[in-house]
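Numbering (this note's numbering), first residue to last: -19 to 137.
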């Protein structure tokens, strides 16, 4: 089931989001989420969705304006993260369908995905949803003492 996130979901979200931050290059950030910071994100984002497999949140999807300034008000960048043991079950697609529907209804014209070039499964997932690669930015991220490339993909909603 896809539903809006609530404050009650924060422990579960931290449980699968922070290992991604701490242990992988899926995200370039190395600063783990806190309960307080996540509560702010839930309040500030236009929507923050979770996939709930019956025992709490096992996936999340959200978006925010792509860049500052009103000229970008119709472009958004999204985040999607699934607990590792739930991947390949259709939850990511369900989250993205709901997220894109919400964004479209809110006037978003283009959805952007910024993906680590090392995350080939995420690039393939987005391509299967109709996202096209629009750019590669070599060595714009740094984590684990390595330079990381960013793949930009987008979809016209």
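The C-beta atom is built at its ideal place from N, Cα and C for all residues, glycine as well.
query: Output the residue ranges of the alpha helix (DSSP H) runs that lie fully inside the segment -7 to 27 and measure 4 residues or longer, sorted by chain position.; result: 15 to 24
query: Which one of 4, -13, 34 has the shortest CA to CA distance from residue 17?; result: -13
query: Residue 124: buried (16+ other C-beta within 10 angstroms of its C-beta) or exposed?; result: exposed
query: So, do the segment -18 to -4 and the segment 31 to 39 have three or more beta carbon pairs nearer to each other than 8 Å?; result: yes
query: With a cut-off of 8 Å on the beta carbons, I'd call residue -15 and residue 29 a contact; round off their distance for me.; result: 6 Å
query: Just checking, does the segment 68 to 75 make contact with the segment 18 to 25 on the three C-beta pairs under 8 Å criterion?; result: no
query: Report the three-state DSSP secondary structure of residue 98 (helix, strand or coil).; result: coil
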